[in-house]
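Novice: Residue numbers (our numbering): 147 to 282. Positions of the beta carbon are idealized from the N, C-alpha and C atoms, including for glycine.
Structure follows, in structure tokens:
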């Protein structure tokens, strides 16, 4: 009986440890994180569909969004306060400000840490803030 109880407790702890509710990104889903600063430069917002943003899907560890022109998608991985983005893809529409989108995507590939500060998500390379996203 003790072995059965111990196995049940271990299985419950294992399930709880893998639960997305306990993950740091558990509160990131079901909302849009709009890019408000890119490499220390404020990003002008139009309030329209072309504003750069990310949406996170914590259970699948995926994200999607807009780079300012094209739809973007990819995966992310978390370890405590570390984050990395991978398999980033985008549509290939031509836009007047494609340089902005390229800078955004390049900065995303440099990110290795994150911090939540109120309604802002700071995406960093070590201690240098590369991107600031605001929860909307």
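Do residue 202 and residue 227 count as a contact pair if the criterion is CB distance below 8 Å?
Specialist: no
Novice: May I ask you to verify whether the segment 217 to 235 touches the segment 180 to 195, counting CB pairs closer than 8 Å and requiring at least 3?
Specialist: Put simply, the segment 217 to 235 does not touch the segment 180 to 195. Fewer than three CB pairs are less than 8 Å apart.
Novice: For a quick check, are the C-beta atoms of residue 267 and residue 279 less than 8 Å apart?
Specialist: yes
Novice: Using DSSP with H/G/I as helix, E/B as strand and the rest coil, what is residue 266?
Specialist: Strand at residue 266.
Novice: Going residue by residue through the segment 176 to 219, where are the continuous beta strand (DSSP E) segments of at least 3 residues, counting only ones entirely within it?
Specialist: 179 to 184, 199 to 203, 208 to 212
Novice: Under a Cβ-count criterion, where at least 16 other Cβ atoms within 10 Å of its own Cβ denotes burial, should residue 274 be classed as buried or exposed?
Specialist: Exposed.
Novice: Less than 7 Å between C-beta atoms, sequence neighbours within five positions excluded: which residues of the same chain meet that for residue 213?
Specialist: 198, 236, 247, 250, 251
Novice: Tell me which same chain residues have a C-beta within less than 8 Å of the C-beta of residue 217, skipping the five on either side of it?
Specialist: 210, 211, 236, 237
Novice: Which residues bound the beta strand (DSSP E) around residue 233?
Specialist: 228 to 236
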